[in-house]
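Residue numbers (our numbering): 17 to 358.
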Amino acid sequence: MNGAAGVVAPARAKDLVDPFGRLVGDLRISVTDRCNFRCQYCMPAEGMTWLPRSEILSFEEIERFAQVCVERFGFESIRLTGGEPLVRAHLPRLVERLAGLGVDVALTTNGATLRLHAKPLASAGLSRINISLDSLQRDRFLELTRRDELDRVLDGIDAAIDAGLAPVKINTVMMRGINDDEVVDFARYGRERGVEVRFIEFMPLEAGDVWNADVVVPADEILAAISAEYPTEAVVRANEPAERYRYLDGGGHVGVIASVTKPFCGNCDRVRLTAEGQFRTCLFALDEFDMRSILRSGATGAELDDRLATAVRDAVGTKWAGHSIGQVNFIKPKRTMSQIGG
Ligand code: SAM
Ligand code: SF4
């Protein structure tokens, strides 16, 4: 934080508390709105318009913002996402800068190009990685992502393991009548590969208007299907959205994220920065706070850091208690997951 050291005593994480008493300390940064897939629930097949390059935050701008979050507010973890973060050139350089701040740096990716990127990312300081995969069946994968890339994603998962990234987790969005017949197949795959599969309830952040409560496969139902095949016991829950279970036979762990049926909002410690520098206090937030205009205002040194810190604190002061998915007052955000940064 250029110039700030010794001038303003850095506040600690306890100071960044939202109106509901939750400590905020996890930053999700979208590094691009672009993607090499076109997942049915995330993007239309054609006709996406991308942000012009000039509107996307540079690595320097991202680092500066992250540094304020870490040094002023004690953030402990940063996750890079998108769009598809691996389509952003030179991503390991950003990982290295962020890891240099002393935080845990994680990544969410579709995994298609991980064979190329896993080692450089690990060397740059990436610790954890989540790879999204919604079907283990080639035809279905093609239908869901509109790309015939299942083999490359599976190879990418192996590459992440080979590179020593740990833990490697698989994110699987379950949708009724679409892939819910693969629950046990995914559990088996996770056990065989030594990776933790986390089943996620489908949320109304999709492209188009296909979401309805009937498409959501409740986490309890997913867990029951897994446990019938491979008995599990609950693991004491850390402060994370996933409920985790241990296979009784020592086959590892599995998780469910009940974003819709049992939201984790009461313990949410997350905020997000979109690729063009808009700050959001919830995936489902309707308001955004413009950090890019501050980053590009011409302010430098401690003045810039102070302005960013004030804007972050003000924004966090608007964080709401939680989303109201499925209730009459729910308003779907205008942006999809890929535009917010899932
Ligand atoms: N492209 C990367 C990927 O797919 O992992 C990162 C961005 S993607 C938007 C992040 C995650 O959001 C993916 O795991 C994806 O499955 C999930 N996702 C997208 N739309 C969703 C929805 N409507 N409900 C639940 N998860 C969703
Ligand atoms: Fe791309 Fe991820 Fe959205 Fe699929 S879910 S289209 S991989 S951003």
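Yeah, the Cβ is synthetic: ideal placement off N, Cα and C, and Gly gets one too. Since the model is a prediction, treat every value here as computed from it, not as a measurement.
Suppose the cutoff is 6 Å on Cβ atoms and the five residues either side in sequence are ignored; what does the same chain contact list for A27 look like? Note that A27 has pLDDT 46, beneath the 50 cutoff, so the model's placement of it is unreliable and the number below is only indicative. R88.
In whole angstroms, what separates the C-alpha of A29 from that of A291? Residue placement at A29 is poorly supported in this model, since its pLDDT is 46, which falls under 50; the coordinates still yield a value, given next. Approximately 24 Å between the Cα atoms of the pair.
Enumerate, from N- to C-terminal direction, the unbroken alpha helix (DSSP H) stretches of 4 or more residues contained entirely within the segment 67–120. 75–89 and 107–115
For a test of your reading of the model: does the CB of F53 fall under 7 Å from any non-hydrogen atom of ligand 2? Yes or no. yes
DSSP three-state assignment for A20, whether helix, strand or coil: Low per-residue confidence applies at A20: pLDDT is 38, beneath 50, and the placement is therefore not dependable enough to give any value.
I'd like to confirm something about S275: is its beta-carbon nearer than 7 Å to some heavy atom of ligand 2, or not? no
Does F91 pass the burial test, meaning 16 or more other C-beta atoms within 10 Å, or should it be called exposed? buried
From the DSSP output, which residues share a beta bridge with R288? R44 and R296
Any chance the CB of C284 is under 7 Å from a heavy atom of ligand 1? no
Residue nearest to A105 in terms of C-alpha spacing, selected from P136, L117 and G118: P136
Could you check whether the Cβ of S354 sits closer than 7 Å to any heavy atom belonging to ligand 1? yes
With DSSP as the reference, label T248 as helix, strand or coil. strand
Check whether the Cβ atoms of F215 and T188 sit closer than 8 Å, and answer yes or no. yes
What residues in its chain sit with their C-beta under 8 Å from that of E304, if we drop five residues either side in the sequence? T290, Q294, F295 and R296
For ligand 1, I want to know if S148 counts as a neighbour, meaning its beta carbon is within less than 7 Å of at least one of the ligand's heavy atoms. yes
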